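Below you'll find the structure, written out as structure tokens, and then a few comments.
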């Protein structure tokens, strides 16, 4: 029940609104939306740690698209008939700026589900065909991948 002059027992509506905005700002600031977390098997972990492997591949499918692409992709995937030819639709959307990659700045790799981590800057993310990707880094021919290109190691 509101008291006189729009003041509740918690304070004025403006005070409550300001407190809510600060709480929302705090929660947004605390959550690191700029770092992508990925789990690796030992083989790929060792190759990245040694500097031999400079790209990480993830299958170009709906599962990884939800994690790597912006909210516009999620809206499209929920509000249109899911395309039969996902790859053509994905490449068309990316080249025509209908969808885009999330603005990750870093990727933090986890060795399995342990506390061992290493973090790199992300130089770019794109979709590539397996023939152009390095098979010795895990790519298979005749398959599309999301490719995360690694920059300098930062942690």
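Residue numbers (this note's numbering): 1 to 155.
Note that the Cβ used here is the ideal one computed from N, Cα and C, for glycine as well.
As the structure is a prediction and not an experimental result, all values here were calculated from the model.
Can you check whether the CB of residue j is closer than 7 Å to the CB of residue i?
| i | j | result |
| --- | --- | --- |
| residue 36 | residue 144 | no |
| residue 130 | residue 139 | yes |
| residue 68 | residue 146 | yes |
| residue 106 | residue 119 | yes |
Would you list the residues sitting across from residue i in a DSSP beta bridge?
| i | result |
| --- | --- |
| residue 106 | 35, 121 |
| residue 101 | 69 |
| residue 88 | None, per the DSSP bridge assignment. |
Candidates the options: which alpha carbon is nearest residue i's?
| i | options | result |
| --- | --- | --- |
| residue 72 | 93, 58, 99 | 99 |
| residue 124 | 38, 56, 49, 41 | 56 |
| residue 54 | 111, 93, 133 | 133 |
| residue 101 | 48, 52, 153, 70 | 70 |
| residue 66 | 74, 60, 59 | 74 |
| residue 114 | 38, 97, 34 | 38 |
| residue 60 | 137, 153, 128, 149 | 128 |
| residue 137 | 121, 97, 50 | 50 |
Going along the chain, which residues of its own chain have a beta-carbon closer than 8 Å to the beta-carbon of residue i, five neighbours each way excluded?
| i | result |
| --- | --- |
| residue 117 | 108, 109, 110, 111, 155 |
| residue 41 | 112 |
| residue 135 | 141 |
| residue 64 | 58, 146 |
What residues in its chain sit with their C-beta under 6 Å from that of residue i, if we drop five residues either side in the sequence?
| i | result |
| --- | --- |
| residue 126 | 147 |
| residue 149 | 55, 123, 124 |
Practice problem: Within the stretch 110-152, note down every full alpha helix (DSSP H) run reaching 4 residues or more, in order along the chain. | Solution: none
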